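2 protein chains.
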Amino acid sequence: MQTIEVKTKSHPSTVYCGKGAVKQLDHILDGKDVFVVTDKNVYGLYKGFIAENFGGAPVCVLPAGERHKNRTSLFMILDKMLDARVRRNGTLVALGGGVVGDMAGLAASLYMRGVHAVQIPTTLLAQVDSSVGGKTAIDHRGVKNVIGTFYQPEYVVCDPMFLSTLPKRELKCGLGEIVKTGALDAEILDKLERNAERLFDLAFLEEITADCVRFKAGVVEKDECERSGLRKCLNMGHTTGHALELFYGRRSHGEYVLIGMLFESYIAEKLDICAHDHAEELRALIGRVLKRVPHFKNIADAARAALYDKKNQGKNEISLILPAKRGEFAELRLTDEKYVGYIEEIAGGII
Amino acid sequence: MQTIEVKTKSHPSTVYCGKGAVKQLDHILDGKDVFVVTDKNVYGLYKGFIAENFGGAPVCVLPAGERHKNRTSLFMILDKMLDARVRRNGTLVALGGGVVGDMAGLAASLYMRGVHAVQIPTTLLAQVDSSVGGKTAIDHRGVKNVIGTFYQPEYVVCDPMFLSTLPKRELKCGLGEIVKTGALDAEILDKLERNAERLFDLAFLEEITADCVRFKAGVVEKDECERSGLRKCLNMGHTTGHALELFYGRRSHGEYVLIGMLFESYIAEKLDICAHDHAEELRALIGRVLKRVPHFKNIADAARAALYDKKNQGKNEISLILPAKRGEFAELRLTDEKYVGYIEEIAGGII
């Protein structure tokens, strides 16, 4: 097990990563007033774990799935916290995937202007990405994560024991963010390429998770609230990915990130931001995870959905985080029309 | 006009205080995408000011009053921001009293995880207290400010021009927090005593507002998120005040703060935390503002309401911030029963 410190300005965060991480809960929760948030799926699988680790603590069981990442679920948590008379020095434990973590994190940041938060991510995606860094959110009126806060959990417990119950689709989803991290960090990219045959191997995933968390911690420490621009690098693939995810649904977030990276790698290459060889090596890795890229009907309409993406600050302009040299990225701003044109062209020509 | 910097860890805040402060809006809002939040009362009085200073910016007009400080109003702001396609680099301007400021501040902290916020407090209470320091909130299920964030506005513009349209009751309300500040700062107390005859005089209020803001800035800089305990001092009078406010309503927040301070000064004296002379001098000042203290029926029930106050962290225990020596305070924890007993005794014996 590794211990990774995320030293942000607002509040430091300690991430325990690897086999046996859950044993840290003993000291983390010792003497604390605990309130647990999870969802139906996780509750079904880990009822015993919850009883064993959180004793008689109140448990709020949310309906499962991204479509419940909304105001109703948020207020379900807040109301149950009030019912349970949670105080300001209470500790909210979020046990689940990214949706649970994002919503519970938001509730923790809002209830009495902030109680202690502990994240126990149970999916690969959440372990490798969303549980670390303090982004919390709900979706609202079709806009992803448009209501949220930056709020660091005090502890994050990433234990591979949870990965063993995950379907392959969930591993694929987490690998989306892992490959993205590879595009931002040359050492992680090397490791992914060396292990291209065992990307879905749990032992390998345990190791690479810690690497990705460490990389993300470094970024978040420098730009906690996504103000300087650095933290934006974590959005590589997300502009196009989010747009397609919103428009087509069905596939997982991580798969859409990979599809987004694929499209954007062609834009980067076309505009000489990224050399052909590097773009190809990223696409090869993406192919390892995705196997095949689906055909998207009406992709221009889907691309237009990206224009509403909240990450895009300027009006009538879209921002893309593109791979540049190995381990480096570049931000590109495109007019709406140009962006839609590129996406159409790439979809027509290559995939 | 004075410029007061609030140097918090999360985000610095600049407060312009005094005549002509609104002129700073020219440079504050230059080139910014502005979204205005206000309420019906303020909109009625300052339609011209809004048109002049915020041009064609979208304006969200909330229903007026503390009973609308709720989730419905919060989502009204957020929805209008979405409708107006406010981006992450947009600027929310809160024009109004404490209720508008608290809700608009919360919306600003949540929308896309935080847009720029500018507070233009139009009441004495908001100028002297709530607009500075970054506390945002809504009430929920009868609990005051139970959902909120700490989020520093970039600018606060405290201009006395707004005070001229305020009824005396509103000045009384602001004086509640001013007298409270006097109980925490000996120089401010001296100034209040020297000016006891002109407490309601607008020229005096302009001067003392800057003093109170500077005092609060010092506290907030040291303990932004009310963690170390120091910021709690600002809650003097609030435990009992909030409880009575919740139970009896009608009177303003600031009046209840004064009534709370009155009750708590007797507790402080009784327990030898505060000398008789100092308690008397505070009560004399409170009397100057309140004139007469009403008779409260069933005060034990009202006091019990304090036990649900969110500031009270321990279970079956209540925390009071009491005056100690001049310019100093002490935190006292009492069991629920003892607290209710004291309040009953004081109400019966003295008032």
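Line order of the protein sequences matches chains U and S.
What the first sequence shows, in this note's numbering, is residues 2 to 352, in sequence order.
What the second sequence shows, in this note's numbering, is residues 2 to 352, in sequence order.
Glycine included, every Cβ here is placed at the ideal spot set by N, Cα and C.
Being a predicted model, the structure only gives us computed values, none of them experimental.
Contact annotation for H141/U against chain S: F76, L79, D80, L83 [CB-CB distance below 9 Å, chain order].
Residues of the region 91-106 of chain S whose Cβ lies closer than 7 Å to any Cβ of chain U: none. The beta carbon of R215/S is closer than 7 Å to those of I5 in its chain, skipping five residues each way along the sequence.
Interface annotation for the region 131-164 of chain S against chain U: K136, T137, A138, H141, R142, V144, N146, V147, I148, G149, T150, F151, Y152, criterion Cβ-Cβ distance under 9 Å. Proximity of R114/U to chain S, defined by a Cβ-Cβ separation below 7 Å, is satisfied. Residue environment analysis places P324/S among the buried positions, since at least 16 neighbouring C-beta atoms fall within 10 angstroms of its C-beta.
With its beta carbon at least 7 Å from every one in chain S, K192/U lies outside the interface.
According to the DSSP assignment, E198/U belongs to no beta strand (DSSP E), since it is labelled neither H nor E. E227/U counts as buried, since no fewer than 16 other beta carbons sit within 10 angstroms of its beta carbon.
For A331/S, there is no enclosing alpha helix (DSSP H); the enclosing beta strand (DSSP E) covers residues 330-336. Close partners of L111/S in chain U (Cβ separation under 7 Å): I148, G149, T150.
Residue E207/S holds the alpha-carbon nearest to the alpha-carbon of T123/S among E155/S, E207/S, N146/S, K292/S. Straight across, the Cα-Cα distance linking D160/U with Y17/S is about 50 Å. Annotation: S229/S has no Cβ neighbours in chain U at a cutoff of 7 Å; minimum Cβ distance is about 13 Å. If the five residues before and after F55/S are omitted, its C-beta is found closer than 6 Å to the C-beta atoms of V35, V37, all from its own chain and listed in chain order. Considering only beta carbons, the part of the region 57-75 of chain U lying closer than 8 Å to chain S consists of R72, in chain order. Against C226/U, the close residues of chain S are S11, H12, R114, G115, in the order they occur along the chain (beta-carbon pairs closer than 9 Å).
Exposure of G288/S is indicated by the presence of fewer than 16 other C-beta atoms within 10 angstroms of its C-beta. In the DSSP assignment, the residues bridged to G97/U are P122/U.
Counted as a single uninterrupted DSSP element, the beta strand (DSSP E) harbouring H141/U occupies residues 136-141.
Using a Cβ distance threshold of 7 Å, L185/U and C234/U count as a contacting pair. Linking L75/U to A95/U through their CA atoms gives a straight-line distance of about 13 Å. The C-beta distance from M162/S to I139/S rounds to 28 Å, too long to meet the 8 Å contact threshold.
Distance from the Cα of T15/U is smallest, within the candidate group K41/U, A204/U, A109/U, Y156/U, for Y156/U.
Counting C-beta pairs closer than 8 Å gives fewer than three between the region 187-206 of chain S and the region 330-349 of chain U, which falls short of the contact rule. Between P154/U and the set G350/U, K10/U, I319/U, the nearest pair of CA atoms involves K10/U. About 31 Å separates the Cβ atoms of F297/U and L231/U, ruling out a contact at the 8 Å cut-off. DSSP places V258/S in the helix class (H, G or I) of the three-state scheme. With a cutoff of 7 Å on beta-carbon distance, L83/S and R142/U are scored as near each other. Taking 7 Å as the cut-off, the beta carbon of C174/S is found no closer than this to the beta carbon of S110/S. Around the Cβ of H277/U, a 10 Å sphere holds fewer than 16 other Cβ atoms; the residue is exposed. Between V43/S and G99/S the beta-carbon gap is near 12 Å, outside 8 Å, which marks them as no contact.
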